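Line by line, the protein sequences give chains A and B. Residue numbers 1 to 421, in my numbering, belong to the letters of the first sequence in order. Residue numbers 1001 to 1178, in my numbering, belong to the letters of the second sequence in order. Each remark here refers to the structure printed beneath this line.
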Amino acid sequence: MGQTIIQKIFAAHSDGSVPVEPGNVIWLGLDARTARDFAGPNVVRNYRRHYGDAPVADRTKTFFTFDLVVPPSNIPYAINQQICRTWAGEQGITVYDVNAGIGSHVALEEGLAYPGSTFVGTDSHLNIMGAVGAFGQGMGDKDITFAFRTGKTWIEVPETMRVVVRGQMPANCTARDLTLAVLRRLGSRGALGRAIEFYGEAVEALGLAGRITLASQVTEMGGIIGFVPPSAEVLAWTQARVRRRQPQAEVRGVYADPDAAYCETVTLDVSGLEPLIACPPSPANVKPVREVAGRRVDSVFIGSCTNGRFEDFAAVAEVVRGKHVAPHVMATVVPATRRVYAQMLKAGVLETLFEAGFIISNPGCGGCASGHLGMTGEGQVNISTSNRNFPGKQGPGETYLASPVTAAWCALAGEIYGGER
Amino acid sequence: MKPTHISGKLWVLRDPHGQLYDDVDTDMIFHNRYLHITDPAEMGRYALDNLRGWEDFAQRVRPGDIVMAGRNFGAGSSRQQAVDCFLSLGVGALVAESFGAIYKRNAINSGLAVVTFPSLSRHAETFRNGDVLSIDLGSGELQLNGVRTYRAQPFSRVQMAIYQAGDLFAYGELVAQA
């Protein structure tokens, strides 16, 4: 019997004493282990308590990435970040500090995660690494403390399902609309505890930014990881970044065997897709934008690990060039990383967004976890490109999740609007 | 050896319409505004304070009580606090039809008994607040008020090993010595 992608990656990162079959528990070697300004201080606390002054297993594979409240806007986060910095200094661990951006994206840009690699950290959207065919897993602070000290983790091999997205997506739709279509089909538990492999011409047509969007929302489908088999473009992009650290490195994609075993195959066709939006109270409550069009919008947030790439903001700039955000709308933009910010600066995207009336913040997560931007008050209607809209998460208002393009049209119109497209 | 048979008073997490809560997200269990907290002793008071109808759970629950919920309990983020807040309150076990994948890992690593009860929705009406539930972690047998029995999933081998050791760190020491 052939192997799925996750079986191959796990087999290459374990000692072979236990067959890499669904349901078996193995010790998985970790190419990179990380903690953020959220849970990082908890990791330091656990580590000191259980391991004292012992060194981490490998400081070249251990990182902090500050992205949640950056720079700190409150004293608890300032204290917590400094706890991590001080301890990282003692241990000789690299910190991607408050100016770097979202840890998962920084890791891709820095070549810390690459096809076939394993990556863990205190971020539930680390399955973003599936966008380049790597295994990424969000974990709690105990798991990460153990991973810092030992370089490995226990893991139960999940089953894999196939999601095949056929057809050519219409020009007025984006990777986020495709992702919402998959989420509508699978629901919040359609991939519960499973790995996904994404196939089909609509998936193959996605660039890296679109693959990141799709992979990131696997969390909201209940899945552990969603692999997009790397294209030649993705292999070249990741290899260039890995070579900044290891000049001779050869990046190779990991692909499933033709006779690999899947627990389920779900097929959908996006040829007739229209712009979609996830309405309160959950990311899986997906509807066509036109069904909720006309509702007054108070704020718009564009950014997050799901839709914070240069391509996302360039698409927004196309919509808003020469126009202006509606007077009653608070519209904010948060680039995922400093590199994305620089790209926006050089391409003139920042200027276009500025002229259109957007508030532009430094890179980071934005408002997902009471960060700087994107929180709501009672009665406020918020259109967001982030990844969750559960009640109360970003405050008492109502958050709708949509593509950057839809969010841009809503910002201009001051109401939910699918755009002239 | 820790006992593999535990018993406690039930809190059945239902929404205002009386339906068992599904997809209880970690922001409903332990809201992101408290994420800066690192001391487990401080976490308990915020448990479930963003879940409609359960805002005062921390005041009502008593050590040894058992919490029951529907599908995909603990969906969402990786925050350990969403598990440790229940430990901090002395909650004896969580029983749900299914759990979020990261949440289940975190609970296992903390030594909190989490029991998956796949057929729960077929019996959802039967369980009420204050009922006494007994759980055999090794066999997965549940007993309600000493009378009716149900079949949940037994602990997996690694889950039992970590539970018996106490937590992931103690388990790691045992593995290193072996």
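Even for Gly, the Cβ is constructed at its ideal location relative to N, Cα and C. Note that the structure is predicted; figures quoted are calculated from it, not measured.
Starting from the beta carbon of residue i, find every residue of chain B whose beta carbon is closer than 9 Å, and list them in chain order.
i, result
"residue 188 of chain A", "1022, 1023, 1071, 1072 and 1075"
"residue 61 of chain A", "Per Cβ cutoff of 9 Å: no residues; residue 61 of chain A is ~18 Å from chain B at best."
"residue 262 of chain A", "Per Cβ cutoff of 9 Å: no residues; residue 262 of chain A is ~18 Å from chain B at best."
Let me make sure I understand the geometry here. Which of the options has the alpha-carbon closest to that of residue i?
i, options, result
"residue 150 of chain A", "B:1176, B:1131, B:1161 and B:1162", "B:1176"
"residue 180 of chain A", "A:352, A:17, A:285 and A:4", "A:285"
"residue 1010 of chain B", "B:1166, B:1155, B:1162 and B:1134", "B:1134"
"residue 269 of chain A", "A:319, A:372, A:189 and A:164", "A:164"
"residue 1159 of chain B", "B:1136, B:1129 and B:1107", "B:1107"
"residue 263 of chain A", "A:221, A:196 and A:92", "A:196"
"residue 504 of chain A", "A:134, A:105 and A:399", "Lying before the first or after the last residue shown, residue 504 of chain A is absent from chain A, which here runs from 1 to 421."
"residue 392 of chain A", "B:1123, B:1058 and B:1029", "B:1029"
"residue 233 of chain A", "A:139, A:252, A:8 and A:226", "A:252"
"residue 1031 of chain B", "A:408, A:293, A:245 and A:396", "A:396"
"residue 422 of chain A", "A:319, A:342 and A:89", "No answer is possible for residue 422 of chain A: the residues shown for chain A start at 1 and end at 421."
"residue 136 of chain A", "B:1123, B:1078, B:1144 and B:1017", "B:1078"
"residue 1066 of chain B", "B:1167, B:1006, B:1046 and B:1033", "B:1006"
"residue 449 of chain A", "A:97, A:358, A:271 and A:218", "In the structure as shown, chain A starts at 1 and stops at 421, and residue 449 of chain A therefore has no counterpart that could be examined."
"residue 145 of chain A", "A:84, A:107 and A:238", "A:84"
"residue 87 of chain A", "A:64, A:409, A:369 and A:133", "A:64"
"residue 324 of chain A", "A:344, A:342, A:307 and A:353", "A:353"
At the level of alpha carbons, what is the spacing between residue i and residue j?
i, j, result
"residue 208 of chain A", "residue 131 of chain A", "7 Å"
"residue 420 of chain A", "residue 335 of chain A", "25 Å"
"residue 54 of chain A", "residue 13 of chain A", "24 Å"
"residue 81 of chain A", "residue 1080 of chain B", "18 Å"
"residue 346 of chain A", "residue 317 of chain A", "13 Å"
"residue 333 of chain A", "residue 361 of chain A", "6 Å"
"residue 1092 of chain B", "residue 1128 of chain B", "17 Å"
"residue 1003 of chain B", "residue 191 of chain A", "34 Å"
"residue 1056 of chain B", "residue 171 of chain A", "49 Å"
"residue 314 of chain A", "residue 322 of chain A", "14 Å"
"residue 411 of chain A", "residue 210 of chain A", "22 Å"
"residue 24 of chain A", "residue 349 of chain A", "49 Å"
"residue 1154 of chain B", "residue 143 of chain A", "23 Å"
"residue 220 of chain A", "residue 282 of chain A", "9 Å"
"residue 312 of chain A", "residue 1131 of chain B", "52 Å"
"residue 385 of chain A", "residue 114 of chain A", "25 Å"
"residue 154 of chain A", "residue 26 of chain A", "6 Å"
"residue 1070 of chain B", "residue 224 of chain A", "20 Å"
"residue 1112 of chain B", "residue 1040 of chain B", "13 Å"
"residue 67 of chain A", "residue 20 of chain A", "34 Å"
Kindly list, in the order they appear in chain B, the residues whose Cβ is closer than 7 Å to that of residue i.
i, result
"residue 124 of chain A", "1076, 1077, 1078 and 1102"
"residue 224 of chain A", "1101"
"residue 38 of chain A", "1035"
"residue 193 of chain A", "1101"
"residue 138 of chain A", "1078 and 1102"
"residue 369 of chain A", "1032 and 1035"
Can you find the residues in the same chain that come closer than 6 Å, C-beta to C-beta, to residue i, ignoring five residues on each side of it along the sequence?
i, result
"residue 298 of chain A", "380 and 381"
"residue 1152 of chain B", "1115, 1117, 1140 and 1142"
"residue 4 of chain A", "160, 256 and 260"
"residue 15 of chain A", "none"
"residue 1179 of chain B", "Since the first residue shown for chain B is 1001 and the last is 1178, residue 1179 of chain B is missing from the structure and cannot be characterised."
What residues in its chain sit with their C-beta under 7 Å from that of residue i, if we drop five residues either side in the sequence?
i, result
"residue 1090 of chain B", "1063 and 1064"
"residue 259 of chain A", "1 and 2"
"residue 1037 of chain B", "1043 and 1081"
"residue 1001 of chain B", "1164"
"residue 309 of chain A", "209, 212, 336 and 340"
"residue 215 of chain A", "127, 128, 130, 131, 226 and 228"
"residue 141 of chain A", "39, 42, 43, 46 and 122"
"residue 373 of chain A", "301, 332, 334, 361, 366 and 367"
Kindly list, in the order they appear in chain A, the residues whose Cβ is closer than 9 Å to that of residue i.
i, result
"residue 1028 of chain B", "390, 391, 392 and 393"
"residue 1132 of chain B", "Near residue 1132 of chain B there are no residues of chain A at all, since even the closest Cβ is about 29 Å away, more than 9 Å."
"residue 1005 of chain B", "Those do not exist, as residue 1005 of chain B stays about 24 Å from chain A at its closest Cβ, beyond 9 Å."
"residue 1098 of chain B", "189, 192, 193 and 222"
Relative to the ligand FMN, is the shortest distance from any of its heavy atoms to the C-beta of residue i smaller than 8 Å?
i, result
"residue 40 of chain A", "For the structure depicted, the ligand FMN is absent and the ligand set is empty, with no information on it obtainable."
Within the same chain, show all residues whose beta-carbon is closer than 8 Å to that of residue i, passing over the 5 residues directly before and after it, in chain order.
i, result
"residue 274 of chain A", "170, 172, 173, 177, 288, 289, 290 and 418"
"residue 1060 of chain B", "1011"
"residue 1015 of chain B", "1021, 1052 and 1053"
I want to verify the contact list: residues of chain A whose CB lies under 7 Å from the CB of residue i, in sequence order.
i, result
"residue 1158 of chain B", "25 and 154"
"residue 1038 of chain B", "41, 42 and 45"
Could you list which residues in chain B have their beta carbon closer than 8 Å to that of residue i, in chain order?
i, result
"residue 80 of chain A", "1036 and 1038"
Could you name the residues of chain A that residue i contacts, counting a contact when the two beta carbons are closer than 8 Å?
i, result
"residue 1167 of chain B", "142"
For this session: Count the C-beta pairs between the region 388-403 of chain A and the region 168-178 of chain A that are closer than 8 Å, then say yes if the count reaches three, no if not.
Result: Result yes; three or more Cβ-Cβ pairs closer than 8 Å.
Problem set entry | Cβ contact (3+ pairs, closer than 8 Å) linking the region 286-306 of chain A and the region 197-205 of chain A | Because the criterion of three Cβ pairs below 8 Å is not met, the region 286-306 of chain A and the region 197-205 of chain A do not touch.
Exercise. Is the number of C-beta pairs between the region 408-417 of chain A and the region 277-297 of chain A that are closer than 8 Å three or more?
Worked result: Two segments are said to touch when three or more pairs of C-beta atoms, one from each, lie closer than 8 Å; by this definition the region 408-417 of chain A touches the region 277-297 of chain A.
For this session: Report yes or no: do the region 1097-1105 of chain B and the region 1059-1078 of chain B share at least 3 C-beta pairs separated by less than 8 Å?
Result: Enough Cβ pairs lie closer than 8 Å, so yes.
Exercise. Are the region 29-49 of chain A and the region 110-124 of chain A in contact at 8 Å, needing three or more beta carbon pairs?
Worked result: The region 29-49 of chain A makes contact with the region 110-124 of chain A, as at least three CB pairs between them are under 8 Å.
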